[in-house]
Amino acid sequence: MPKRETEDCQVKALRCEKCGTLDPGPRELCPKCHSPEMTDISVPGVGTLLSWTTIRRPPTAFREDGPYHIVVVDLDVKLRVTARLDAPSPGVSPGARVRCVGTKNNVPIFQETDA
Amino acid sequence: MTRRVNVIGIGSTRFGPQPDKGIVQLAIEAAEAAIRESGIERERIGALYFGNFISGPLTGQEVLAGIVADNLGLPNIPCTKVEGACASGGIAFRHAKLAVESGQCDAALVVGAEKMTQAPSATITAALNCAMDNRSDGDSGLTFPGFFGMAWRLYEQRYTLTRAQVSSVVRKNKANGLLNPLAQMGRLLSDEEIEQSPFICDPMRLFDCCPTSDGAAALVLAADELVTTAGAVPVRILASAQTRGAARIAGHPDLCSFDATVSAANLAFKEARIDRSHIDIVELHDCFSIAEILDSEDLGLVPRGQGAHWAKEGRTAVGGDLPINPSGGLLAKGHPVGATGVGQIYETVLQLRGDHSNQVKDAAFGLTHNLGGTGVACTVNIFGRHDA
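Line order of the protein sequences matches chains D and W. As numbered in the working numbering, residues 1 to 115 make up the first sequence, in order. As numbered in the working numbering, residues 1001 to 1388 make up the second sequence, in order.
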């Protein structure tokens, strides 16, 4: 089981102070208005699974973790993030609802949810 | 009015493990063959563009452009290495074409090379991950096969893709590889063998992935004035487009499509002033079986959702209405990353000369497509037979 550093279901992101654009970060300039005023925020870690896979041949840095599941999630706040997926049921498919249950090395970990 | 540019000489090593040869040796072998075939004096070559991705991490050797030019005995000319991950070779080609077209020089040499197989596979996977935006995607542990595995799962749901349809891409390209003397792993495969190979990144299995390779390919490009009857039959460059796509996976509006390919194809067809229906042969970036399906649709050559059907029906085989990767593609010919884009052009030139060992009958127009990173860089080139 991945180590749970937080239990608050929040995902870290950036918000532009000028135009309000959200971005998963890290980024120096707002992708929309190019303002450098990007502020760290937390957003609700609830969303829809876009796709996922199981990495069975990890690169050197992640050898200890393998095999593990990677997921792309469209958060309800309209933010797309690349993250880990914890214990997916075999039939889980694009469109499934997921929620953030913690992080590992600052990468969010998602699980399927009914929410 | 810009000048017309031709490919007047080609050279290539075979692709695949070559434990006895270093990257410089491979590059020289390909480049020397291309120069000799072109029939021009090496003093006429006014620029060298070298496509390479990860020679630093994998071989400990950089400044390849200058080293190779020195060994070839080229004059004191600008020698430039370009890097755009798996599109490095295609980008090198485009810059050489621009140098000749703009009159900076009358002839230019393009070389692409990579040396990979001496490294352990986890090291290679880690080196290939240099092509990701590692600040945003690297920490998750995602790999390139993983990225395409996710694209496959989404495409599968959207278009009711079957395993057998994807396997037909693998079977076609591996069979084509048997007819290419430069190919790393041509083979006649059954659906069962493919379906029983181990998962790499579900639903992707081993035979859905291209092999890592050693290899080099080279081209001599020249303006019309330098085309002589002494050299090889010239092939015309009708277009070369290069584009950028999202650097981050989360930045792609659709995981089943690469914006960079879509826009490069549109630019290339505009420049070439020919219709998509004129293309007789395609060498595209099938780093994974699913990638061939996505690419053929992004290029606008196959309708959305039909890529796998076309492969299953044999329409993309040699003899079909749109032959794709008669060389075996990356899946069978191999993928020495920096060499791949140049190797695709080598194959296409042979087709348009009518000299390919897996010849597409009467091929007059060819297209190459080279994609880098998670779709962050792309080149699409269009070529025409000298009399077309």
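Backbone N, C-alpha and C define an ideal beta-carbon position, used for all residues, glycine too.
- prompt: So, helix, strand or coil for Val101/D, using DSSP?
  reply: For the purposes of this step, residue 101/D is taken as the residue at position 101 of the first sequence. Val101/D falls in the strand class under three-state DSSP.
- prompt: In terms of residues, what are the limits of the beta strand (DSSP E) holding Ile41/D?
  reply: Taking the first sequence and counting its residues from 1, one reaches residue 41/D at position 41. Counting along the chain, the beta strand (DSSP E) containing Ile41/D begins and ends at Met38 to Pro44.
Span of the alpha helix (DSSP H), counted from its first residue to its last, around Glu112/D: Within the first sequence, numbered from 1, the residue matching residue 112/D stands at position 112. Bounds of any alpha helix (DSSP H) do not take in Glu112/D; it lies within the beta strand (DSSP E) bounded by Val107 to Glu112.
query: Ordered along the chain, which non-local residues of its own chain (more than five positions away) have a Cβ less than 6 angstroms from that of Ala1099/W?
result: Locating residue 1099/W in the second sequence gives position 99, counting from the first residue. Excluding its 5 nearest sequence neighbours in each direction, Ala1099/W has C-beta neighbours in its own chain below 6 angstroms: Ala1047, Cys1105 and Ala1108, listed in chain order.
query: When you compare only the Cα positions, how much space is there between Thr113/D and Glu1297/W?
result: Numbered from its first residue, the first sequence carries residue 113/D at position 113. Numbered from its first residue, the second sequence carries residue 1297/W at position 297. Spanning the two alpha carbons is a distance of roughly 34 angstroms.
task: Please compile the residues from chain D whose C-beta is within a distance smaller than 7 angstroms of the C-beta of Cys1201/W.
output: The residue given as residue 1201/W occupies position 201 in the second sequence. Within chain D, Thr53, Thr54, Ile55 and Arg56 have C-beta atoms less than 7 angstroms from the C-beta of Cys1201/W, given in sequence order.
Any chain D beta carbon closer than 7 angstroms to Gln1018/W: Along the second sequence, one-based indexing puts residue 1018/W at 18. Judged by the 7 angstroms Cβ criterion, Gln1018/W is not in contact with chain D.
message: Below 8 angstroms on C-beta distance, what does Asp1139/W contact in chain D?
response: Taking the second sequence and counting its residues from 1, one reaches residue 1139/W at position 139. Going along chain D in sequence order, the residues near Asp1139/W (Cβ under 8 angstroms) are Asn105, Asn106 and Val107.
query: What first and last residue would you give for the beta strand (DSSP E) that runs through Leu75/D?
result: One-based indexing of the first sequence puts residue 75/D at position 75. Run containing Leu75/D: Tyr68 to Leu75, per the beta strand (DSSP E) assignment.
- prompt: Tell me the DSSP bridge mates of Phe1199/W?
  reply: By one-based count along the second sequence, residue 1199/W stands at place 199. Residue pairing by DSSP places Phe1199/W opposite Arg1205/W in a beta bridge.
message: Does any residue of chain W have a CB that is nearer than 7 angstroms to the CB of Arg97/D?
response: Your numbering for residue 97/D matches position 97 in the first sequence. No, its Cβ sits nowhere closer than 7 angstroms to a Cβ of chain W.
- prompt: When the Cα atoms are used, what is the spatial distance from Phe1207/W to Ser1197/W?
  reply: Numbered from its first residue, the second sequence carries residue 1207/W at position 207. Numbered from its first residue, the second sequence carries residue 1197/W at position 197. The straight-line gap from Cα to Cα measures roughly 7 angstroms.
message: Three or more C-beta pairs under 8 angstroms: does that hold for the stretch 1059-1077 of chain W against the stretch 1250-1257 of chain W?
response: Too few Cβ pairs lie closer than 8 angstroms, so no.
task: For Thr1143/W, return the contacting residues in chain D, with the cut-off set at a CB-CB distance below 8 angstroms.
output: The residue labelled residue 1143/W in the question sits at position 143 within the second sequence. Those within 8 angstroms of Thr1143/W in chain D are Ile55, Arg57, Pro58 and Pro59.
- prompt: For Gly95/D, which residues from the same chain have a beta carbon less than 8 angstroms from its beta carbon, with the 5 sequence-adjacent residues on both sides left out?
  reply: Translated into positions along the first sequence, residue 95/D becomes position 95. Here the set comprises Thr48 and Leu49.
Thr82/D - DSSP class collapsed to helix/strand/coil: By 1-based counting over the first sequence, the position of residue 82/D is 82. In this structure, DSSP gives Thr82/D an extended state, which the three-state scheme calls strand.
message: Does any residue of chain W have a CB that is nearer than 7 angstroms to the CB of Glu5/D?
response: Taking the first sequence and counting its residues from 1, one reaches residue 5/D at position 5. At Glu5/D the pLDDT is 44, less than 50, meaning the model places this residue with poor confidence; the figure from the coordinates comes in the next sentence. With 7 angstroms as the cut-off, Glu5/D does not count as an interface residue toward chain W.
task: Going by DSSP, name the residue or residues bridged to Val1007/W.
output: Against the second sequence, residue 1007/W aligns to sequence position 7. Val1007/W is bridged to Leu1221/W and Val1235/W.
message: What does DSSP give as the partner residue(s) for Asp1133/W in the beta ladder?
response: Residue mapping note: residue 1133/W aligns to position 133 of the second sequence, counting from 1. DSSP lists no partner for Asp1133/W.
- prompt: Taking 7 angstroms as the CB-CB cut-off, is Phe172/D touching chain W?
  reply: For chain D, the structure presents residues 1 to 115; residue 172/D sits outside this window and is missing.
task: Please list the segments of the alpha helix (DSSP H) lying wholly inside the stretch 1105-1151 of chain W, counting only runs of 4 or more residues, in order along the chain.
output: Segments of the alpha helix (DSSP H) lying fully in the stretch 1105-1151 of chain W: 1121-1128.
query: Which residues, in order along the stretch 35-50 of chain D, keep a beta-carbon less than 8 angstroms from a beta-carbon of chain W?
result: Going along the stretch 35-50 of chain D in chain order, one finds Leu50 with a Cβ nearer than 8 angstroms to chain W.
field: Leu1072/W in three-state terms, based on DSSP
entry: As a position in the second sequence, residue 1072/W is number 72, starting the count at 1. In the structure shown, Leu1072/W sits in a helix (DSSP, three-state: H, G or I).
task: Give a yes or no on contact between the stretch 1041-1057 of chain W and the stretch 1078-1089 of chain W, applying the rule of three or more CB pairs nearer than 8 angstroms.
output: In short, these stretches touch, since the Cβ pair count reaches three.
task: Report the residue from Ala1217/W, Lys1115/W, Ala1175/W and Ala1122/W whose alpha carbon sits nearest the alpha carbon of Gly1314/W.
output: As a position in the second sequence, residue 1314/W is number 314, starting the count at 1. Minimum Cα distance to Gly1314/W is reached at Ala1175/W.
query: Which residue or residues does DSSP assign as beta-bridge partners of Phe1383/W?
result: Reading the second sequence from its first residue, position 383 is the one you call residue 1383/W. Looking at the DSSP assignment, Phe1383/W forms a beta bridge with Ile1237/W and Gly1366/W.
field: alpha helix (DSSP H) runs contained entirely in the stretch 1159-1186 of chain W, provided each spans 4 or more residues
entry: Whole alpha helix (DSSP H) segments, 4+ residues: 1163-1178.
- prompt: How many Å lie between Met1204/W and Val1227/W at the Cα?
  reply: As a first step, residue 1204/W must be located in the second sequence, where it is residue number 204. As a first step, residue 1227/W must be located in the second sequence, where it is residue number 227. Cα-Cα distance, rounded: 46 angstroms.
message: Could you compute how far the alpha carbon of Leu1189/W sits from the alpha carbon of Pro31/D?
response: Residue numbering aside, residue 1189/W sits at position 189 when the second sequence is read from its first letter. Residue numbering aside, residue 31/D sits at position 31 when the first sequence is read from its first letter. The straight-line gap from Cα to Cα measures roughly 47 angstroms.
Bounding residues of the beta strand (DSSP E) (the contiguous stretch that carries Leu1048/W): Taking the first residue of the second sequence as position 1, residue 1048/W is located at position 48. From DSSP, the beta strand (DSSP E) with Leu1048/W extends over Ile1045 to Gly1051.
- prompt: Using 7 angstroms as the limit for Cβ to Cβ distance, is Ser93/D near chain W?
  reply: Along the first sequence, one-based indexing puts residue 93/D at 93. With 7 angstroms as the cut-off, Ser93/D counts as an interface residue toward chain W.
- request: Compare the C-beta of Thr82/D with all C-beta atoms of chain W and state if any pair is closer than 7 angstroms.
  value: Locating residue 82/D in the first sequence gives position 82, where the first residue counts as 1. Residue contact with chain W for Thr82/D: present (Cβ-Cβ distance below 7 angstroms to some residue of chain W).
- request: Check Phe1258/W in the structure and name its three-state DSSP category.
  value: For this step, residue 1258/W is matched to residue 258 along the second sequence. Three-state result, Phe1258/W: coil.
- request: Along the beta strand (DSSP E) that carries Ala1096/W, what are the first and last residues, could you check?
  value: Along the second sequence, read from residue 1 onward, the residue named residue 1096/W stands at position 96. For Ala1096/W, there is no enclosing beta strand (DSSP E); the residue is part of the alpha helix (DSSP H) that begins and ends at Ser1088 to Glu1101.
field: Outcome for Cys1201/W when other beta-carbon atoms lying within 10 angstroms are tallied against a minimum of 16
entry: Looking up residue 1201/W in the second sequence gives position 201. Buried, because 16 or more other Cβ atoms sit within 10 Å of the Cβ of Cys1201/W.
- prompt: Roughly how many angstroms lie between the CA atoms of Asn121/D and Arg84/D, to the nearest whole one?
  reply: This structure does not reach residue 121/D, given that chain D is present from 1 up to 115, and the question cannot be answered.
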